[in-house]
Amino acid sequence: MALTGIQILGMLPKTNCGECNIPTCLAFAMKVAAGQTEIETCPYVSDEAKETIGAANAPPIRTIKIGAGDAEFIAGGETCLYRHDKRFENQTGLAVMIATDEDAAEVDAKLKRANDIVIERVGVMMCNNLVAVKDAGGGDLAAMAKKVIEMAPKQAIILMSDNVESLKAGAEACGDNKPLLYGATADNVDDFAALAKDTGCAIGVKGKNMDDLVETTDKLIAAGVKDMVIDTGARTIRGAYEDNIVARRAAVKDRFKPLGFPTITFPCEMADDLMMEAMIGSVLLARYAAITVFSDIQGETIFPLMLEQLNIFTDPQRPMVVEEDIYPVGGPDENSPVLMTCNFSLTYFIVSGEIEGSKVPSWLLIKDTEGLSVLTAWAAGKFGADLIAMFVNKSGIADKVKHRELIIPGYLATIQGELEEELADWTITIGPREAGHLPAFLKEWKPAS
Ligand code: SF4
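Quick note: the sequence shown uses the numbering used here, first residue 176, plus one each step.
Structure, rendered in structure tokens:
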């Protein structure tokens, strides 16, 4: 059971020294209990207390790292069943499978697509996350792993084999880019436990069914293996869907350790058609799959899955924001218009898109409104004339343009007078209420004389 704030407080020095950047030990304890700060932030907690609190408050689904640097993929770390309970921590990884006996040209083409298909959406770069290399017998797993690193250097790697020596050689070929080594079963538990210790890699565990999986992970835990990704063996959409739910509920609600690991699923083994695989993947993505493996990657199948990732794994308690700054759109100069809006990502991308479409190069000032939209931010006191004036004065926009005209969103018309008082050197112009009307507005715009 996770410790409460009061229980954690009992293990703190209670000196309220503030060195953790939180004024009191009680407030610190509450934040640790809520998972908002780490117990290590207090320099005065004993090692024993750190271990007790760390173990009790660890997420029920263990966090697993695969790969390193640009190729790092993080799975698990989940603490809840529903996103609205808190948030989902790490998005489902999209993986493409290649096999050691696969036609070389086909492998190259898949790796090129895994590397090249990158889609930007509201400022987020979305791409395939992992490459699974399957030992088809007789092929060279290590050579194929090297090829993945060479051709798709930002992809984390899963090596799949029954042969522990091949996996070991493959892991060595990956160097610091530690792969997930998949294939532990009830029959080879001891070999995989030794492999995990030798390589420091996470282990993929495959059960014949849920019971068999639990028995196997139990043995691996007893052997000291900590980092695992689990596969219940289900190869039907219904079976995998139900197993994912059972595993998540058991881990989160009952703190059942043998299932407290991220899950890997294989739509590539449930359908013969890539579009059907994508459909199955979308169901499993929506219900707790940490990794979904597909037989191929094509723009039209991965795009909807990426959008689904974006929908499910954004934090519902934190609006998506862009940095407060001056954004040049379309190569503006000293005579270009200056517009201002809030830093809610969607607003930024819609407004900048309309400016770009207008072909009128402009300066776009983005004011930090904590991710609130224009009207909400104004109503919340985060987009008032005084705050806007302060931002305009410190932004440096006055050095970039010769004129002194600021175009504000139409919804802020009521603060025009107040803003003119705050920014005495500037003319305040009311822009359109809707971004869609910006192109026509900008085409007509001339600096106020
Ligand atoms: S650093 Fe430790 S002792 Fe000091 S206030 Fe924070 S929790 Fe309390």
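Beta carbons are placed, not taken as given, at the ideal position from N, Cα and C, and that holds for glycine.
Discussion item. By DSSP's criteria, TYR357 is part of a beta bridge. Which residues make up the other side?
Written reply: MET335 and GLY379
Fill in: Best match in GLY375, THR360 and PHE441 for proximity to ALA346 [C-alpha to C-alpha]
GLY375
Discussion item. For PRO328, which residues in the same chain have their Cβ closer than 7 Å to its Cβ, ignoring the five residues on either side in sequence?
Written reply: ASP245 and ALA246
Worksheet entry | For ALA318, the residue or residues it bridges with in DSSP | Note: ALA318 sits in no beta bridge, so no partner.
Worksheet item: Taking 8 Å as the cut-off, does the CB of ASN191 come closer than this to any heavy atom belonging to ligand 1?
Response: yes
Fill in: Inter-residue Cα distance where the pair is ALA461 and ILE487
7 Å
Worksheet item: If we ignore side chains and look at the alpha-carbon of each, how far apart do ASP283 and ILE294 end up?
Response: 21 Å
Worksheet item: CB-CB under 6 Å to ASP490, same chain, minus the five flanking residues each way: which ones, in chain order?
Response: ARG262
Worksheet item: Does DSSP put MET481 in a helix, in a strand, or in coil?
Response: The DSSP-derived three-state label of MET481 is helix.
Practice prompt. Report the three-state DSSP secondary structure of PHE519 (helix, strand or coil).
Written response: strand
Fill in: Simplified DSSP assignment, three categories, for TRP538
strand
Fill in: Minimum C-alpha distance to ILE249 - residue among PRO235, ILE530, GLY268 and ALA415
GLY268
Discussion item. Assess contact between the segment 576-585 and the segment 509-517, defined as three or more Cβ pairs (one per stretch) separated by less than 8 Å. Is contact present?
Written reply: yes
Worksheet item: Quick one, are the C-beta atoms of ALA231 and LEU178 less than 9 Å apart?
Response: yes
Discussion item. Please classify VAL299 as buried or exposed, where buried requires at least 16 neighbouring CB atoms within 10 angstroms.
Written reply: exposed
Worksheet item: For ASN352, which option in ASP362, ALA320 and GLU340 has the closest C-alpha, if you only look at C-alpha atoms?
Response: ALA320
Worksheet item: Which of helix, strand or coil does DSSP assign to VAL271?
Response: strand
Worksheet item: Considering only C-alpha positions, which residue in the set ASP418, SER470 and GLU264 is nearest to GLU277?
Response: SER470
Discussion item. What would DSSP say about THR489, mapped onto helix, strand or coil?
Written reply: coil
Worksheet item: Taking just the CA atoms, how far does GLU498 sit from LEU547?
Response: 13 Å
Discussion item. Nearer than 8 Å: is that true of the beta carbon of GLU194 relative to any heavy atom of ligand 1?
Written reply: yes
Worksheet item: Hey, quick one: how far does the beta strand (DSSP E) through ARG296 stretch, first residue to last?
Response: 293-296
Worksheet entry | Assumed close pair LEU305, GLN266 - CB separation to whole angstroms, cut-off 8 Å | Not confirmed; about 12 Å, so no contact.
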